[in-house]
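> Sharing a structure with you now.
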Amino acid sequence: VVPVPADEETALMVAAVLNWAGVVVRRHGMPRASLGYFDAGLSVVQDPDNRADLHYNRGYARLHAASTGLEPTEHERLHAFTFDEPDAALLDAALRDFTLASGLNPTDPDAWSQVAVVRQLQGDLAAASEAWLQAATRSHDEAVRQRMLANAEALRATE
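What follows is the structure, encoded as structure tokens:
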């Protein structure tokens, strides 16, 4: 339990430290343990941008916890989650966090792309396709935008 800070500036600093600690713990392979840091950060801060970031990171930790591991991607330092039979409750919770993050910061393509990933894992291809389109319209990187649009089209083709 984190005591409520006396002012918003202190709350922002506390939330930033808790967010950072949660990310470090998750990156060290303990995604479930990191959830407490994100929850604590959310309990002290009201600023929408910081809440969006905390929800995003909490959703990402839940998605990580639902995965069976990480596989290398074509990018040297990036890894993708692998899933056999993901925990439905963790996916639902991750979706809630990513949806809250995209609502608090609707211009963030990353939050929308994570909504798409979870929807796809849940088998809701129409919603996943729509989320990929939302992400694409918000991306400022043309190559990323094209990949997101390709993801949306590929899902539409399977419907």
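Numbering follows the numbering used here, with no gaps: position 147 of the sequence shown is 147.
We treat Cβ as the ideally placed atom computed from N, Cα and C, and that holds for glycine.
Note that this is a predicted model, so its numbers are computed, not measured.
What is the DSSP secondary structure of V2, counted as helix, strand or coil?
DSSP places V2 in coil when its eight states are reduced to three.
> Under the rule that 16 or more other beta-carbon atoms within 10 Å means buried, what is T158, buried or exposed?
When all chains shown are included, T158 counts as exposed.
> Should V26 be labelled buried (16 or more other beta-carbon atoms within 10 Å of its own) or exposed?
It is worth fixing the name first, because residue 26 is Arg in this sequence and not Val. Buried.
> Is the beta carbon of A52 closer than 8 Å to that of Y37?
It is not a contact, given that the beta carbons lie outside the stated cut-off.
> Using the Cβ count rule (16 or more neighbours within 10 Å means buried), how would you classify R32?
The residue is exposed, with fewer than 16 neighbouring Cβ atoms inside 10 Å.
> With a 10 Å radius around its C-beta and 16 neighbouring C-beta atoms as the bar for buried, classify P72 as buried or exposed.
For P72, the predicted structure reports a pLDDT of 47, less than 50, and the residue's modelled location is therefore unreliable. A value from the coordinates is still provided. Counting Cβ neighbours within 10 Å, P72 comes out exposed, since fewer than 16 surround it.
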